[in-house]
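According to our numbering, the sequence shown is numbered sequentially starting from 132. Even glycine gets a Cβ: it sits at the ideal position worked out from N, Cα and C. I have placed the structure first, in the form of structure tokens, so that the comments after it can refer back to it.
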Amino acid sequence: MKKVRIGLVGLGPLGKVHAQNLMYRIPNAELAAVCTRTQSKLDEVRRDWETPETYTDYTQMLEQAALDAVAIISPTNVHLEQVRLAVEKGLHVFIEKPTGMDAEECAEIERLAQAGGKVFAVGFMRRFDASYADAKRRIEAGEIGKPIFFRGYSLDPVWQGEAQVARAEANGKWFLDMGVHDYDLARWLLGTEAKEAYACGDAYVFEDFAKNHDVDNGFSLVKFENNAAAFFYCGRTAPHGSHVESEVIGTKGTLRICESPRRARVTQFTSAGEVHECIDHYLDRWGEAYYQELQQFVDEVQEGVQTVSATAADCTRAVGMAEMILSAYEKQLEN
């Protein structure tokens with residue numbers, strides 16, 4: 132079976148990870164072309180990678196490169212047009228979350244994905260992390276009874292905060308941009324949809340976020356249609372590093388996933404006490420999951436059927452939950 136030829140757009144830190152996985156770790160894929168508007172990044176690609184084609188214009192890449200699929204790793208605010216062009220070309224699509232800037236855009240992208248009739252996979256990589264996949268298996272096996280509560284913490288390091296201010300305009304508010312990971316997990320693990328929400332928070336450290344009603348620490352409580360509930364904490368000011376942990380409480384037991392963001396299994400006992408080094412960047416935590424989700428996408432393209440990957444509809448639902456939470460947050464600002 133021939134390799135899946137993929138054109139990738141977006142060469143930020145995550146785009147580079149996906150590109151390197153396509154080049155070196157996924158044997159049934161070929162990184163046929165890369166696209167970014169930044170010429171210096173393309174110069175670096177030409178110098179360091181063995182990729183045959185580079186572009187600064189996405190439309191030109193779709194017109195000129197021989198492709199079976201695209202990987203869209205660009206800022207969220209350009210996703211809709213890039214998806215539209217890819218679907219018009221009859222290409223399979225892998226796209227980073229969230230698919231759109233709001234639920235309306237996500238619904239339009241979902242419509243395009245359905246009309247295209249190709250594999251359309253959304254990068255909710257946490258589903259492909261071994262620990263979360265194991266939790267899903269245990270829930271489906273009934274090991275904790277009926278799941279009734281989800282708790283999710285998603286925290287970025289405080290030293291990335293200033294950069295996040297500039298990034299927010301192109302990728303959406305923190306309740307959406309980061310929170311959507313946990314909203315997807317809650318839907319996936321609880322097996323239900325959100326019904327109502329309460330939210331609060333503030334720009335406690337990086338005040339510039341408040342200019343756009345955004346937060347550097349946000350908290351929300353959500354009730355679901357089956358009366359399950361979830362608490363979400365999304366922050367940008369973790370002093371110890373990148374910290375993602377989850378808990379699912381069921382009627383017969385509890386699952387906790389990564390309750391400590393340890394870098395390794397080494398514990399230091401020093402004058403500072405018991406010390407654990409923590410993960411300081413999200414790529415260190417999710418590297419294997421990013422590989423697994425893209426490998427699954429390529430396999431689904433070759434098989435001609437989407438079986439495991441998160442869908443455009445999954446993202447529309449998760450972003451709909453994000454908008455419910457954002458609305459609740461802005462409502463309490465008025466009080």
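- Looking at the backbone, the Cα of residue 392 and that of residue 144 are separated by about 21 Å.
- CA-to-CA, the gap between residue 458 and residue 369 works out to about 25 Å.
- For residue 368, the three-state secondary structure derived from DSSP is strand.
- Partner residues in the beta bridge of residue 284, as assigned by DSSP, are 364 and 376.
- Contact annotation: the stretch 371-384 does not touch the stretch 328-344, with fewer than three C-beta pairs closer than 8 Å.
- Within its own chain, the residues whose Cβ lies closer than 7 Å to the Cβ of residue 455, once the five positions on either side in sequence are excluded, are 325 and 328, listed in chain order.
- Using a Cβ distance threshold of 8 Å, residue 296 and residue 201 do not count as a contacting pair.
- Annotation for residue 385: the continuous beta strand (DSSP E) segment containing it runs 385-388.
- In the DSSP assignment, residue 451 falls outside any beta strand (DSSP E) and lies within the alpha helix (DSSP H) extending over 443-464.
- Nearest to residue 263 by C-alpha distance, out of 422, 211 and 386, is 386.
- For the pair residue 283 and residue 359, the Cα-to-Cα distance works out to about 14 Å.
- For residue 185, the enclosing beta strand (DSSP E) has its first and last residue at 184-186.
- Residue 183 has its alpha-carbon roughly 15 Å from the corresponding atom of residue 191.
- If you draw a straight line from the Cα of residue 252 to the Cα of residue 277, it comes to about 28 Å.
- The shortest C-alpha to C-alpha distance from residue 394 to any of 401, 388, 409 and 381 is the one to 409.
- Under the three-state reduction of DSSP, residue 335 is assigned to coil, being neither helix nor strand.
- In this structure, DSSP gives residue 302 a helical state, which the three-state scheme calls helix.
- If you draw a 10 Å sphere on the C-beta of residue 305, you find 16 or more other C-beta atoms in it, and that means buried.
- In this structure, the CA atom of residue 438 is about 40 Å from the CA atom of residue 333.
- A distance below 6 Å between beta-carbons, with the five flanking residues on each side excluded, links residue 286 to the following residues of its chain, in chain order: 366, 369 and 374.
- Under the three-state reduction of DSSP output, residue 278 falls in the strand class.
- Looking at the DSSP output, residue 237 bridges to nothing.
- By the C-beta density criterion, residue 421 is buried, having at least 16 other C-beta atoms within 10 angstroms.
- If the five residues before and after residue 161 are omitted, its C-beta is found closer than 6 Å to the C-beta atoms of 134 and 136, all from its own chain and listed in chain order.
- The alpha-carbon of residue 291 is positioned some 43 Å away from that of residue 132.
- About 27 Å separates the beta carbons of residue 432 and residue 179, which is beyond the 8 Å limit, so they are not a contact pair.
- Here residue 164 really is in contact with residue 196; their C-beta atoms are around 4 Å apart, less than 8 Å.
- For residue 137, the secondary structure class from DSSP, reduced to helix, strand or coil, is strand.
- According to the DSSP assignment, residue 358 belongs to no beta strand (DSSP E), since it is labelled neither H nor E.
- Listed in chain order, the alpha helix (DSSP H) runs fully inside the stretch 189-238 are 189-195 and 210-219, counting runs of at least 4 residues.
- Using a Cβ distance threshold of 8 Å, residue 208 and residue 301 count as a contacting pair.
- In its chain, beyond the 5 residues on either side, no residue has a beta carbon closer than 6 Å to the beta carbon of residue 188.
- Under the three-state reduction of DSSP output, residue 340 falls in the helix class.
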